[in-house]
Amino acid sequence: MLKIFNTLTRKKEKLIPLVNGKIKIYVCGVTVYDLCHLGHARTFLAFDTIIRYLHHCGYQVNYVRNITDIDDKIIKRAHENNETTKKLTNRMIKEMHLDFDALNILRPNYEPKVTDHIDIIIKFIHLLIQKKHAYIAPNGDIMFSVKTMRNYGILSKKKIPDIHNVSKNPNIIKDPSIDFVLWKISKPGEPYWLSPWGAGRPGWHIECSAINHSIFGNQLDIHGGGSDLIFPHHDNEIAQSVCAYNMPCAKVWIHSGMLLLNHEKMSKSSNNFLTIRDILRRYDPETIRYFLMSAHYRNQLKYDDNSLNSARASLKRLYIALRDTKTNTEIKLNSEDYFISKFISKMNDDFNTPEAYSVLFDIAHKLNDLKIKRHSLTPKIAATLKYLANTIGLLYQNPEIFLKKIALKNNKKFNFKKIERLIKRREDARKNNQWELSDRIRNKLTIMGITLEDSSTGTTRWHFNNTIHVTKK
Numbered sequence: 055m056l057k058i059f060n061t062l063t064r065k066k067e068k069l070i071p072l073v074n075g076k077i078k079i080y081v082c083g084v085t086v087y088d089l090c091h092l093g094h095a096r097t098f099l100a101f102d103t104i105i106r107y108l109h110h111c112g113y114q115v116n117y118v119r120n121i122t123d124i125d126d127k128i129i130k131r132a133h134e135n136n137e138t139t140k141k142l143t144n145r146m147i148k149e150m151h152l153d154f155d156a157l158n159i160l161r162p163n164y165e166p167k168v169t170d171h172i173d174i175i176i177k178f179i180h181l182l183i184q185k186k187h188a189y190i191a192p193n194g195d196i197m198f199s200v201k202t203m204r205n206y207g208i209l210s211k212k213k214i215p216d217i218h219n220v221s222k223n224p225n226i227i228k229d230p231s232i233d234f235v236l237w238k239i240s241k242p243g244e245p246y247w248l249s250p251w252g253a254g255r256p257g258w259h260i261e262c263s264a265i266n267h268s269i270f271g272n273q274l275d276i277h278g279g280g281s282d283l284i285f286p287h288h289d290n291e292i293a294q295s296v297c298a299y300n301m302p303c304a305k306v307w308i309h310s311g312m313l314l315l316n317h318e319k320m321s322k323s324s325n326n327f328l329t330i331r332d333i334l335r336r337y338d339p340e341t342i343r344y345f346l347m348s349a350h351y352r353n354q355l356k357y358d359d360n361s362l363n364s365a366r367a368s369l370k371r372l373y374i375a376l377r378d379t380k381t382n383t384e385i386k387l388n389s390e391d392y393f394i395s396k397f398i399s400k401m402n403d404d405f406n407t408p409e410a411y412s413v414l415f416d417i418a419h420k421l422n423d424l425k426i427k428r429h430s431l432t433p434k435i436a437a438t439l440k441y442l443a444n445t446i447g448l449l450y451q452n453p454e455i456f457l458k459k460i461a462l463k464n465n466k467k468f469n470f471k472k473i474e475r476l477i478k479r480r481e482d483a484r485k486n487n488q489w490e491l492s493d494r495i496r497n498k499l500t501i502m503g504i505t506l507e508d509s510s511t512g513t514t515r516w517h518f519n520n521t522i523h524v525t526k527k
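Quick note on the numbering used here: the sequence shown kicks off at 55 and runs consecutively.
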């Protein structure tokens with residue numbers, strides 16, 4: 055049974071869909087004013103992995119990820135570029151898709167743009183005004199009255215003074231220090247849409263609530279996003295939905311951990327980021343994907359080149375295990391198979407990809423042994439490795455092609471004598487039963503881009519740049 059950590063309850067809960075066999079999931083998307091950075095990739099790879107696994111579990115998934123295509127940052131950037139906001143956002147949406155496609159991120163079932171849903175946003179705001187949860191500010195903006203939501207902050211657990219002591223009152227309670235904008239009156243020269251309250255544009259928080267409700271109705275199964283959205287964005291979404299329809303918009307809230315650069319959250323607003331495009335010039339897309347899911351999706355992950363190089367070496371080990379094997383699609387795999395059931399148990403525990411990775415390496419180790427012995431089970435174990443890795447979006451390339459691409463990207467000059475010396479030291483350590491030292495040397499060679507294969511014939515094969523070298527023992 056799949057269990058998911060629900061941010062709302064701070065507990066792992068069994069996934070029980072609103073409709074049996076179907077999952078409705080909404081994830082807050084990108085504000086498209088510039089190229090996506092690697093922090094975006096971390097978030098959307100996390101949810102891509104989740105979506106893929108839900109499909110694997112047999113669920114019919116309706117996955118929606120919005121696009122914010124009107125925003126202060128978009129207006130500012132379009133002005134700087136001397137282009138319309140529509141031209142800018144359409145261009146950035148294409149660039150986003152190029153980056154996400156390269157990382158093998160599945161596209162959502164539906165990708166609604168805010169500017170295509172202005173009418174439903176206006177209707178949602180009108181309902182909040184009718185129910186006295188919103189008011190017109192002196193500058194003409196429409197504001198949400200936070201103090202009319204008795205349990206405001208239920209997701210983040212943040213407490214705002216006096217909110218929980220407010221008695222029910224037919225009059226609007228206004229507090230500019232905590233209230234947030236639903237409709238923003240446009241300044242001269244800014245894009246606008248007509249509304250009962252004047253020409254303007256929607257606030258950030260209302261767009262998700264309105265789009266959610268228009269597609270899914272009063273409630274969906276899962277709402278997701280990065281952990282930086284818990285407050286205020288997702289708290290505000292809950293407030294809007296509860297005040298409009300007396301029901302929280304989602305049963306389960308899932309949040310992915312932040313990617314850190316220089317010990318801080320990767321963010322454009324703080325000018326602390328690397329674009330996906332920049333990293334794709336240096337690393338294979340699958341290496342980036344492997345790295346970004348090498349930590350549990352809820353945990354923070356630190357970016358550094360050593361971690362990416364380690365991810366590349368790990369993928370090489372898996373692909374070398376698959377090399378020279380035939381993964382026959384007609385091979386029948388049993389869900390009760392030891393490796394498959396172990397993998398499923400890890401993923402059923404809140405999509406634990408680091409533990410699932412460890413199962414893949416157990417399979418690769420077994421596969422290497424079987425290949426040496428030319429065992430009849432080799433094709434089945436190879437098929438198992440590929441099948442499970444595919445479940446989380448990995449090992450989708452031809453092993454030979456992947457290894458050649460890695461070789462082309464690797465411009466380091468290797469010291470063959472140093473490699474041979476390290477292998478000789480490892481052989482001596484193994485002869486003397488110094489297994490810890492032997493493992494340390496193997497790990498060092500792995501980081502250098504060298505993969506070892508100990509054969510039963512008394513030789514050690516090492517792979518580098520898609521070439522096999524043999525060292526006699």
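Think of the CB as a built atom: it goes at the ideal place given N, C-alpha and C, for glycine as much as any other residue.
- DSSP places Q294 in the uninterrupted alpha helix (DSSP H) bounded by D289 to Y299.
- For Y117, the three-state secondary structure derived from DSSP is strand.
- Beta-bridge partners of P256 (DSSP): W237.
- Here the alpha carbons of A132 and N144 stand approximately 12 Å from one another.
- Take the alpha-carbon of G254 and the one of F234: they are about 15 Å apart.
- When beta bridges are read from the DSSP output, K66 appears opposite F59.
- Under the three-state reduction of DSSP, I435 is assigned to helix.
- The Cβ-Cβ distance between T329 and L142 does not fall below 7 Å.
- Annotated three-state conformation of Y411 is helix, per DSSP.
- About 16 Å separates the beta carbon of K68 from that of K76, a gap too long to meet the 8 Å contact definition.
- In this structure, the beta-carbon distance from A188 to I196 falls below 7 Å.
- When secondary structure is reduced to three states using DSSP, M197 falls in the strand class.
- Only exposed fits I70, as fewer than 16 other CB atoms lie within 10 angstroms of its CB.
- Counting along the chain, A132 sits inside the alpha helix (DSSP H) bounded by residues D126 to N135.
- Under the three-state reduction of DSSP, N326 is assigned to strand.
- Listed in chain order, the non-local C-beta contacts of L372 below 8 Å within the same chain comprise L414, F415, A418, L439, A443, L448 and L449, local neighbours out to five positions each way being set aside.
- Annotation: R106 to F456 spans about 22 Å, alpha carbon to alpha carbon.
- Leaving aside the five residues that flank D123 on each side, the residues in its chain whose CB is nearer than 7 Å to its CB run, in chain order, V86, T143, K167, V168 and T169.
- The segment 246-261 makes no contact with the segment 205-216; the number of CB pairs closer than 8 Å stays below 3.
- Within the same chain, Cβ atoms closer than 8 Å to the Cβ of C262 are found at Y80, C82, N120, H287 and E291, the five residues on either side in sequence being excluded.
- In this structure I435 is not in contact with K458, their Cβ atoms being roughly 24 Å apart against a cut-off of 8 Å.
- Take the alpha-carbon of Y344 and the one of A367: they are about 11 Å apart.
- With a cutoff of 7 Å on beta-carbon distance, A304 and L283 are scored as not near each other.
- Contact check for A410 against K400 passes: the beta carbons are separated by less than 7 Å.
- At the C-beta level, L387 and Y351 stay beyond 7 Å of one another.
- The beta carbon of I398 lies closer than 8 Å to those of S389 in the same chain, with the five residues before and after it left out.
- For W251, there is no enclosing beta strand (DSSP E), as DSSP gives it neither H nor E.
- Per DSSP, Y357 lies in no beta strand (DSSP E) segment and is marked neither H nor E.
- Around the CB of N422, 16 or more other CB atoms lie within 10 Å, so the residue is classed as buried.
- If you draw a straight line from the Cα of N272 to the Cα of V296, it is about 9 Å long.
- Pairing W258 with L236, the inter-Cα distance amounts to about 8 Å.
- If you draw a straight line from the Cα of V306 to the Cα of A461, it comes to about 44 Å.
- S199 is the residue among D153, P192, S199 and H171 whose C-alpha sits nearest the C-alpha of Q184.
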